[in-house]
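Heads up: the sequence shown begins at 22 in the numbering used here, then just goes up one per residue. Glycine included, every Cβ here is placed at the ideal spot set by N, Cα and C. Small disclaimer: the values here were computed from a predicted structure and weren't measured.
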Amino acid sequence: MRLAASPHSVAAGFAAGIVVSWTPFIGVHFIMAIIIAYVIGGNVIAAALGCLAAGNPITYPFIWGLTWEIGHLILARDSSGQSGGIDLPALWHKGDLLQLWDPILKPMLIGGIPPAIVTGVVVYALTYYGVKSFKSRRKARLMERARERLALAENASSV
22 MRLAASPHSV AAGFAAGIVV SWTPFIGVHF IMAIIIAYVI GGNVIAAALG
72 CLAAGNPITY PFIWGLTWEI GHLILARDSS GQSGGIDLPA LWHKGDLLQL
122 WDPILKPMLI GGIPPAIVTG VVVYALTYYG VKSFKSRRKA RLMERARERL
172 ALAENASSV
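1. Straight-line CA distance for G48 to R168?
2. For the alpha helix (DSSP H) holding P135, just list the boundary residues, first then last.
3. Closest by CA to P135, which one among A69, L112, V41?
4. Assign S30 to buried or exposed, taking buried as 16 or more other Cβ atoms, counted over all protein chains shown, within 10 Å of its Cβ.
5. For N64 versus A37, is the C-beta distance shorter than 7 angstroms?
6. Rounding to the nearest angstrom, what Cα-Cα distance links M22 and V152 in this structure?
Written as structure tokens, this is what we have:
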């Protein structure tokens, strides 16, 4: 809230961090959020905070499950039974990550789009109005303190 940036900048940065947390590309979320925030005029610190708020060990299982199911729904796939199965540790060990695209990454990436849009818009709006309100109240408090100091100084000089 005390970032020296406009409400739009803070809200856009924070929303960028939230949006990228819906992608399956863990490890580059901060980089993605900072790039997106920079492009849309958002605050990069707020983007990093958005990543931390949305993408963490507590939320990732829910995000992954939701994006997986939504992705399979959009792609009209049956997510309950994968034919043949995937030996994820073997693919990871071989470094054959391109074979992870169709069965895992594609549905999660596509499934992350709807919740990313919804949460991005909602978080932007809430953050924008929250920061705007906070800054206006803070400005009012600072002005009141300045008036009080000025009144004290005038009283002291008149005595």
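Reading from the atomic positions:
1. 50 angstroms
2. 127-179
3. V41
4. buried
5. no
6. Residue placement at M22 is flagged as unreliable, the pLDDT there being 48, under the threshold of 50; a coordinate-derived value is accordingly withheld.
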